[in-house]
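Peer 1:
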Amino acid sequence: MRAPLSYCLPSGERLEEKIKELRFYSGAKFETGTQAPAGCICAVLGLSQTHPGQSLGVEAGALPPLLEPVMAYRLRPPQGCDPAQLLPKLRQLEEEDPQLHIVWDSRLGEIRAQLMGQVQIEVLRSLVLERFDTAIEVEEGRILYKETIAAPVEGVGHFEPLRHYAEVHLLLEPLPQGSGLVFDSQCSEDVLERSWQRLILTHLREKTHLGVLTGAPITDMKITLAAGRAHLKHTEGGDFRQATYRALRQGLMQAQSILLEPYYHFRLSLPQAQVGRAIGDLRAMSASFSQEQAEELAVLTGSVPVSALGSYAMEVAAYTRGRGHLSCSPGGYAPCRNQEQIVAETGYDPEADLDNSPDSVFCAHGAGFPVKWQEVPAYMHLESCLRPPSPEAPPPRRGNLDDRELEAIMEREFGPIRRPVYQSPSPPPAIAKPELLPPRKEYLIVDGYNILFAWEELASLAREDLESARNKLMDILSNYCGYKNREVILVFDGYRVKGSRGERFQYHNLYVVYTRENETGDMYIESLVRGIGKHDRVWVATSDSLIQLSAFRTGVLRLSARELKAEVDSACGEMTALLQAMDRAQTVARQQEKRGQIPEKLLRLLPE
280 MRAPLSYCLP SGERLEEKIK ELRFYSGAKF ETGTQAPAGC ICAVLGLSQT
330 HPGQSLGVEA GALPPLLEPV MAYRLRPPQG CDPAQLLPKL RQLEEEDPQL
380 HIVWDSRLGE IRAQLMGQVQ IEVLRSLVLE RFDTAIEVEE GRILYKETIA
430 APVEGVGHFE PLRHYAEVHL LLEPLPQGSG LVFDSQCSED VLERSWQRLI
480 LTHLREKTHL GVLTGAPITD MKITLAAGRA HLKHTEGGDF RQATYRALRQ
530 GLMQAQSILL EPYYHFRLSL PQAQVGRAIG DLRAMSASFS QEQAEELAVL
580 TGSVPVSALG SYAMEVAAYT RGRGHLSCSP GGYAPCRNQE QIVAETGYDP
630 EADLDNSPDS VFCAHGAGFP VKWQEVPAYM HLESCLRPPS PEAPPPRRGN
680 LDDRELEAIM EREFGPIRRP VYQSPSPPPA IAKPELLPPR KEYLIVDGYN
730 ILFAWEELAS LAREDLESAR NKLMDILSNY CGYKNREVIL VFDGYRVKGS
780 RGERFQYHNL YVVYTRENET GDMYIESLVR GIGKHDRVWV ATSDSLIQLS
830 AFRTGVLRLS ARELKAEVDS ACGEMTALLQ AMDRAQTVAR QQEKRGQIPE
880 KLLRLLPE
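Residue numbers 280 to 887, in the numbering used here, belong to the letters of the sequence shown in order.
Okay, here's the thing in structure tokens:
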């Protein structure tokens, strides 16, 4: 008990733990001891990750199971029972019997059990009724497909919200049939620390990864950690989990996926008189087989798709009157015969599966933003592991010839060397003209209700008639927009308006937006700022601290309600002064017209 015990986990890693106590039970009572002799039964405390069928010490581990379920059955609880309440009870049975695979389909809210035939179905049904007093219904099963890839591909996952960072590059390679999943790392510890590499491999092993054709588990692949990057300050353990999952998913989206269906190895023995029918049935099932001759019975052996075999054993017993016998054993997985049909019937959309997203998250201007899986290679921070290495320059040759010998060789080959006494100076390089950038477009986004209730004259009008106050604000901003030559967008918050679907219209030269129900003006302004981009000049006019903080994070300019009021009043003053100057000019022009002469200075002020 004093020495640590080393045992193997299901993932293949070894774990060392110390046994705390040995208990020898007799009914409900127990006694403790320091050692257990051969042949006794005891309970061991202190080991945290043991599993059924495991052997400890020098004893070899249990043999892998010979049977593997290839059908998934939907378990329907009785009326009034929530599937989420039944799931923990079934998990208890799964822990007791590892061959009972219980799967929760969160997309459909269904419980599925991977079972090996009618006998196990009846055992499970009676066991649930006996243990939990619940009568479940087992519906018709579905084939358990798997997926693999046809050629090597690189998957890139990047997870970088604000104050988080992780990037993972995985190399996915196909393996021969029946190889399962193999995990490896070829990343140098100079690039990524060994502790992070072990964490990435743990995340690859801890989850059943799904393919992108039907959402079936992947198999027959070697997944190699090719490269990775962490941040000294911002990287946390969960960041690499997200980056690893997204890298694997992004690689599967790029790869040519192959759908695999299960096969059975079968042995069919039946009388000679029924051999012709059996051969016809097997050919219709796309089976490959050979025939063996016996004294009384004919024997057919081969492999057949599970989906085609169905309940053929009952048919054999029927048309041979009980003299025929069909036995099957797992034959592994092979490419599906009707892949397109199965994919269409499943209707699985890998991009809509939010639990297994292929997209990445990058950071810019102090905020994270999602990047679709097709565009990730253009944003990734590390070089591709599949990119061919750049050719290196050959090492310089080292010779023993001195300058005089080289000069003699050159004179023999090309004649005497003539060195010019004078060389005209080369012209100075032309200076490239600076490229003029196009003028930047100007936008002003106004938080309508915030400005309306911040300006005293509009606030007093709004207490009597809100519609009149909104119209007056639109008129003021329309005049300002025309004078300043800016695109002005006025946003009114419709968050609490029941049934509002939102509205967008143009008022003179002004754009007015009413947000829909459950959409705040803050959310709309933030998405609008992000959509306009960073190549134009954008102002956001509001006194709301949240919107100002969002504007600061995205790098746009901010105006408070007081500053916008001063800006509008200044523009109105300039427009009034200009109109007065034009009126005076027209008055003088009319007086001069009577005399037949208009000064040139007045002509400049008159409108065309």
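Positions of the beta carbon are idealized from the N, C-alpha and C atoms, including for glycine.
From Val-791, Gly-761 and Gly-810, pick the residue whose C-alpha is nearest to that of Glu-853; which is it?
Peer 2: When each option's Cα is compared against that of Glu-853, the closest is Gly-761.
Peer 1: Are there 16 or more other CB atoms within 10 angstroms of the CB of Gln-364, so buried, or fewer, so exposed?
Peer 2: Per the 10 Å Cβ criterion, exposed.
Peer 1: Counting along the chain, where does the alpha helix (DSSP H) carrying Ile-804 start and finish?
Peer 2: Here the alpha helix (DSSP H) through Ile-804 covers 800-811.
Peer 1: Please name the residue in Leu-588, Ile-428, Arg-442 and Leu-531 whose C-alpha comes closest to that of Asp-518.
Peer 2: The candidate whose alpha carbon is nearest that of Asp-518 is Arg-442.
Peer 1: Measure the CB-CB distance between Pro-455 and Tyr-543 and report whether it falls below 8 Å.
Peer 2: Going by C-beta atoms, Pro-455 is not nearer than 8 Å to Tyr-543.
Peer 1: Relative to the C-alpha of Lys-565, which candidate in Ser-582, Glu-571, Val-554 and Glu-575 has its C-alpha closest?
Peer 2: Note on identity: in this sequence residue 565 is Ser, with Lys being the wrong assignment. Closest option to Ser-565, Cα to Cα, is Ser-582.
Peer 1: Whose C-beta lies closer than 6 Å to the C-beta of Thr-821 among residues of the same chain, with five residues either side of it excluded?
Peer 2: For Thr-821, where only same-chain residues beyond five positions count, the Cβ hits under 6 Å are Asp-726 and Asn-729.
Peer 1: Looking only at C-alpha atoms, which of Arg-602, Gly-603, Met-593 and Ala-563 sits nearest to Ala-587?
Peer 2: The option with the nearest alpha carbon to Ala-587 is Ala-563.
Peer 1: With DSSP collapsed to three states, give me the class of Pro-656.
Peer 2: Residue state, collapsed to three classes: helix.
Peer 1: So what's Asp-862 in DSSP terms, helix, strand or just coil?
Peer 2: The answer is helix: DSSP assigns Asp-862 an H, G or I state.
Peer 1: Might you give, ordered along the chain, the residues of its own chain that have their beta carbon closer than 7 Å to the beta carbon of Ala-522, omitting 5 neighbours on each side?
Peer 2: Hits under 7 Å: Gly-436, His-437, Phe-438, Ala-445, Glu-446 and Val-447.
Peer 1: Closest to Asn-797 by CA distance: which of Leu-789, Val-808 and Arg-780 is it?
Peer 2: Closest by alpha carbon: Arg-780.
Peer 1: Given a threshold of 16 other Cβ atoms within 10 Å of its Cβ, counted over all protein chains shown, does Lys-844 qualify as buried or as exposed?
Peer 2: Classification for Lys-844: buried.
Peer 1: Go through the region 587-613 residue by residue and report every complete run of the alpha helix (DSSP H) that reaches 4 residues or more, in order.
Peer 2: Qualifying alpha helix (DSSP H) stretches, in chain order: 591-598.
Peer 1: Which term fits His-787, buried or exposed, when burial requires 16 or more other beta carbons within 10 angstroms of its beta carbon?
Peer 2: Exposed, because fewer than 16 other Cβ atoms sit within 10 Å of the Cβ of His-787.
Peer 1: Could you tell me the alpha carbon to alpha carbon distance between Glu-433 and Leu-825, rounded to whole angstroms?
Peer 2: Glu-433 and Leu-825: Cα-Cα distance of roughly 41 Å.
Peer 1: Hey, how far is the Cα of Arg-404 from the Cα of Ile-415?
Peer 2: Near 6 Å, if we compare the C-alpha coordinates of Ile-415 and Arg-404.
Peer 1: Quick one: what does DSSP say Pro-431 is sitting in, helix, strand or coil?
Peer 2: If DSSP states are grouped into helix, strand and coil, Pro-431 belongs with coil.
Peer 1: Per DSSP, Gln-393 forms a beta bridge with which residues?
Peer 2: DSSP, once it has assigned bridges, lists Ala-351 and His-380 as partnering Gln-393.
Peer 1: Grab the span of the alpha helix (DSSP H) containing Glu-735 for me, first residue to last.
Peer 2: From DSSP, the alpha helix (DSSP H) with Glu-735 extends over 735-743.
Peer 1: Measuring straight from C-alpha to C-alpha, what distance separates Ala-741 and Pro-362?
Peer 2: Computed Cα separation, rounded: 53 Å.
Peer 1: Closer than 8 Å is the cut-off here; do at least three beta carbon pairs connect the region 647-666 with the region 549-559?
Peer 2: Touching, no, given that fewer than three Cβ pairs across the two stretches are closer than 8 Å.
Peer 1: Looking at the structure shown, is Pro-367 part of a helix, part of a strand, or coil, going by DSSP?
Peer 2: Three-state result, Pro-367: helix.
Peer 1: Specify whether the region 627-636 and the region 504-511 touch according to this definition: at least 3 beta carbon pairs, one from each stretch, less than 8 Å apart.
Peer 2: Judged by Cβ distances under 8 Å, the region 627-636 makes no contact with the region 504-511, as fewer than three pairs qualify.
Peer 1: Grouping DSSP H, G and I as helix and E and B as strand, with all else coil, what is Ala-526?
Peer 2: Ala-526 falls in the helix class under three-state DSSP.
Peer 1: Per DSSP, which residues does His-513 bridge with? Please list them.
Peer 2: Answer is none; His-513 lacks a bridge partner.
Peer 1: Quick check: what's the CA-CA separation for Gly-457 versus Leu-335?
Peer 2: So the alpha carbons of these two residues sit roughly 28 Å apart.
Peer 1: I'd like to check one pair, Cys-466 with Ala-506: are the Cβ atoms closer than 8 Å?
Peer 2: Yes. Within cutoff.
Peer 1: For the 8 Å Cβ check, are there 3 or more pairs between the region 292-299 and the region 308-328?
Peer 2: Because the criterion of three Cβ pairs below 8 Å is met, the region 292-299 and the region 308-328 touch.
Peer 1: To which residues does DSSP link Ile-688 through a beta bridge?
Peer 2: In DSSP, Ile-688 forms no bridge with anything.
Peer 1: What whole-angstrom Cβ distance do Pro-637 and Arg-528 have, given they're in contact under 8 Å?
Peer 2: Contact holds; Cβ gap of about 4 Å.
Peer 1: Who are the Cβ neighbours of Leu-478 in its own chain at under 6 Å, not counting the five residues just before and after it?
Peer 2: Here the set comprises Phe-519.
Peer 1: Hey, Val-349 and Pro-541: beta-carbon distance below 8 Å or not?
Peer 2: Their beta carbons are under 8 Å apart, which means Val-349 touches Pro-541 by this criterion.
Peer 1: Which complete beta strand (DSSP E) runs does the region 289-341 hold, if anything under 3 residues is left out?
Peer 2: Listed in chain order, the complete beta strand (DSSP E) runs (minimum 3 residues) inside the region 289-341 are 293-296, 300-305, 308-312 and 322-324.
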